[in-house]
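What follows is the structure in structure tokens.
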């Protein structure tokens with residue numbers, strides 16, 4: 621396990637301040653987790669997070685996100701925003717989507733990306749916390765439709781290490 625903690629490049633969307641980053645960084649590190657890899661200096665990206673097999677994935681990702689100071693956007697069904705947790709979801713960076721929209725979920729997300737100067741969206745392509753035989757391909761179609769790179773974020777519970785990799789699909793100008 622590596623106790624490394626990455627710095628965030630200037631093009632990556634950011635949130636928080638030095639105090640909040642240090643608090644959440646220490647909460648993350650005290651759990652015994654660390655990082656391998658560096659953040660690519662990209663204003664926009666689709667972040668492919670895998671595996672997503674535990675409720676703890678969200679906790680560790682949230683601590684890491686706030687500790688690094690990166691602003692990551694996730695999408696949630698619009699009905700979540702009719703609950704008392706609406707303000708929390710908005711603060712975290714959850715954007716509501718309409719799953720029954722005639723434009724489709726993929727196009728809704730592409731539209732959000734194209735309206736922003738800087739945005740990293742996080743997607744767990746398994747679509748479930750259960751072991752999945754295949755991953756869903758929406759993350760790929762979103763990246764291709766928005767013409768942005770994919771950043772792979774993997775969680776290794778055995779080594780307590782999060783790893784970052786940049787992937788640019790073939791035939792793209794990215």
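Residue numbers (my numbering): 621 to 794.
Glycine residues also receive a C-beta, built at the ideal position from the N, C-alpha and C atoms.
To the nearest angstrom, report how far apart residue i and residue j are at their CA atoms.
i, j, result
"residue 764", "residue 657", "24 Å"
"residue 744", "residue 668", "6 Å"
"residue 794", "residue 766", "In this prediction, residue 794 has a pLDDT of 45, which is less than 50 and means its spatial position is unreliable; what the coordinates show is noted afterwards. Each residue's alpha carbon lies about 11 Å from the other."
"residue 682", "residue 769", "22 Å"
"residue 627", "residue 699", "35 Å"
"residue 646", "residue 773", "20 Å"
"residue 762", "residue 737", "16 Å"
"residue 630", "residue 662", "9 Å"
"residue 710", "residue 779", "32 Å"
"residue 777", "residue 730", "32 Å"
How many whole angstroms separate the CB atoms of residue i and residue j, which I take to be in contact at a CB cut-off of 8 Å?
i, j, result
"residue 664", "residue 733", "6 Å"
"residue 648", "residue 684", "5 Å"
"residue 659", "residue 775", "The Cβ separation is near 16 Å, so there is no contact."
"residue 726", "residue 696", "Contact doesn't hold; Cβ gap of about 16 Å is too wide."
"residue 781", "residue 739", "Not really, about 26 Å apart at Cβ, beyond 8 Å."
"residue 795", "residue 676", "For residue 795 there is no data in the structure shown, the boundaries of the chain being 621 and 794."
"residue 717", "residue 735", "About 14 Å; that fails the 8 Å criterion."
"residue 644", "residue 624", "At roughly 16 Å, the Cβ-Cβ gap does not stay under 8 Å, so residue 644 and residue 624 are not in contact."
For residue i, write down the residues that DSSP places opposite it in a beta bridge.
i, result
"residue 712", "Answer by DSSP bridge pairing: none, since residue 712 is not bridged."
"residue 634", "690"
"residue 800", "Residue 800 is absent from the model: the chain starts at 621 and stops at 794."
"residue 766", "According to DSSP, residue 766 bridges with nothing at all."
"residue 668", "743, 772"
"residue 717", "697"
* Do three or more CB pairs link the stretch 633 to 641 to the stretch 677 to 695 at distances below 8 Å? -> yes
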